[in-house]
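All remarks here apply to the structure that follows.
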Amino acid sequence: MNNNQRRPCLLCQSAKLSIVAQSSWTSMLVTSDLKLWPGSIDIAVCQHCGHAQKMIDDDYLRQVNEIYLNYQMYPASAGKEPAVFTDQSMRPRSEVVLKWLTDATSFPSTGRMLDLGCGNGGALASFGAVNNCWELYGYELDRKNEKSILSIPGVKGFFTEGMDNIKGLFDLVTMFHLIEHLPEPVEFMNRVRELIAPGGLALIQSPDITLNPFDFIIVDHCSHFSPGSMRYLTARSGFETLHLRNDLAPKEISALVKSEKRGNIALGPEDKQAKSKVVSAIGWLENLAKDAAYHAQTQPFGILGTGIGGTWLAGILSDKVSFFIDEDPSRCGKIHLGKQVISPLQAQEDACVYLPFPPAIAERIRERLSAVCPSVQMICPPGLS
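Our numbering numbers the first residue of the sequence shown as 4 and each following residue consecutively.
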């Protein structure tokens, strides 16, 4: 008997999974809480629906459970959620997405909001700050942050352990960077649908693999969503996608959905091209690592960003990296992977700094920072086909 049986597609349950990147493609992965994880995991694409995912088996799930035993939310910024640039200013990610939500809909002045996977309450605080007549509720698997969440203005309750413990219906259910962690996303969304009041909405936020190949290196991300596969997930679980954006928070999908009767689920052209796109993305990551190793011969050599891409690249290059640069003030002055994190203005003249971001984003960052510190050599990665 095979005790490590591989699971089928996480979305359509087809057994026709094609491995597009075997575990030898990289020697280093990263956890979603920014710890290095030596090794690699097979990446597969469903030949039926085009969904990209890790090859899920018992060994993989054991690794993920090990990660969550000592999970730390946003360690690089002392627990603060990632900030995104908007009009040359930095704002919390949830604040940006939730402002779009209220602008994009006829949003009621009162209601009940539930944030699933609420972490330390960042989304609850952002929502409550501009919707102070709503009742707010959080759900998390453990009670680690219960006290601080209940202290957020407007929060009326905190649920934990099984989702059956969640009481009542909600006018808005939010899920920030949760769905990609789940080995049974359709079943989860079916349960979410049961929590939504008539006329209510759900908001899903997840990395967009078409804009962010670095998502493949996150160990505990079971799924790697594209706009097409996100629409497919919501349709399979009984939702209609009202709005879907991937330009609010860089490299991320924001989907606003409502419950609907299930109908026929069509697959678009994007789904049929999924395999070639994933192969191209993996190839780009391999080329980026080689390109960065070449430039790391110039010292001092640093990496811009202490997120997933920067952490992964530092793990591969190891002692060739002298420092990190980060534009987020909450991260500067700290130590990450044994290296100092400094602001762009603190970079040594003639230093070489690599930008591990998708090319279009890297170029915009290079243009902005070159005006601030022109003596620092900012290196963008190779093109992404």
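Using N, Cα and C, we set each Cβ at its ideal position, and we do this for glycine too.
For Trp-103, the enclosing alpha helix (DSSP H) covers residues 96 to 107. Here the region 177 to 186 makes contact with the region 209 to 220; the two share three or more CB pairs at distances below 8 Å. For Ala-277, the three-state secondary structure derived from DSSP is helix. Excluding the 5 residues flanking it on each side, Val-379 has same chain C-beta neighbours closer than 6 Å at Ala-350, Ala-354 and Val-356, in chain order. Counting of Cβ neighbours within 10 angstroms places Arg-334 among the buried residues, the total reaching 16 or more.
By the Cβ-count criterion, Val-133 is exposed, with fewer than 16 other Cβ atoms from all chains shown falling within 10 Å of its own Cβ.
In this structure, the straight-line span from the alpha carbon of Glu-366 to that of Phe-161 is close to 43 Å.
For Glu-330, same chain residues with a beta-carbon under 7 Å away, outside a window of 5 residues either side, are Pro-347 in chain order. Restricting attention to Cys-12, Ile-46 and Asn-68, the CA atom closest to the CA of Ser-279 is found in Ile-46.
Bridge partners of Arg-115 according to DSSP: Glu-138.
In the three-state scheme derived from DSSP, where H, G and I count as helix and E and B as strand, Ala-205 is classed as strand. DSSP, reduced to helix, strand and coil, places Glu-255 within a strand of the structure shown. Non-local C-beta neighbours of Lys-293 in its own chain, meaning closer than 7 Å and more than five positions away in sequence, are absent. When secondary structure is reduced to three states using DSSP, Leu-247 falls in the strand class.
Where Gln-25 is concerned, there is no enclosing beta strand (DSSP E), because DSSP gives it neither an H nor an E. Leu-14 is a Cβ neighbour of Pro-188, given a cutoff of 8 Å. Short of 8 Å from the beta carbon of Val-33, and not among the five residues preceding or following it, lie these beta carbons of its own chain, in chain order: Leu-39, Trp-40, Ile-220, Ile-221, Val-222, Ile-311, Thr-314, Trp-315 and Gly-318.
According to DSSP, residue pairing for His-298 in a beta bridge does not occur. For Leu-37, the number of other beta carbons within 10 angstroms of its own is at least 16, and it is reported as buried. Within its own chain, the residues whose Cβ lies closer than 6 Å to the Cβ of Pro-385, once the five positions on either side in sequence are excluded, are Asn-290 and Asp-294, listed in chain order. Take Thr-213, set aside five residues on each side of it, and the residues of its chain with a beta-carbon closer than 6 Å to its own are Ser-229, in chain order.
For Met-31, no alpha helix (DSSP H) segment is defined; the enclosing uninterrupted segment is the beta strand (DSSP E) at 31 to 33.
Between Thr-237 and Ala-252, the CB-CB gap reaches or exceeds 8 Å. In this structure, Gly-125 and Pro-95 form a Cβ contact; the two beta carbons are roughly 6 Å apart against a cut-off of 8 Å. For Gly-305, the closest C-alpha among the options Val-344, Pro-361, Leu-119 and Glu-164 is that of Val-344.
Within the same chain, and ignoring the five residues on either side of Leu-117 in sequence, the residues whose Cβ sits closer than 6 Å to its Cβ are Tyr-140, Phe-173 and Val-176. If you draw a straight line from the Cα of Glu-243 to the Cα of His-184, it is about 22 Å long.
Between Lys-19 and Gln-50, the C-beta spacing is below 8 Å.
Looking at Phe-110, Ile-285 and Gly-202, the one whose alpha-carbon comes closest to that of Ser-27 is Ile-285. Distance from Asp-62 to Asn-7 at the Cβ level is roughly 6 Å; contact confirmed, criterion being Cβ atoms closer than 8 Å. Judged by DSSP secondary structure, Lys-159 falls outside any alpha helix (DSSP H) and instead within the beta strand (DSSP E) spanning 158 to 163. Nearest neighbour of Ser-240 by Cα position, chosen from Asn-249, Met-31, Glu-197 and Asp-218, turns out to be Glu-197. Annotation for Gly-171: no beta strand (DSSP E) segment contains it, and DSSP assigns it neither H nor E.
Annotation: Val-379 is outside any beta strand (DSSP E) and is labelled neither H nor E by DSSP. Per DSSP, Ile-44 is not a residue of any beta strand (DSSP E), being assigned neither H nor E. For the options Ile-155, Leu-144 and Ser-262, the alpha carbon positioned closest to that of Met-192 is the one of Ser-262.
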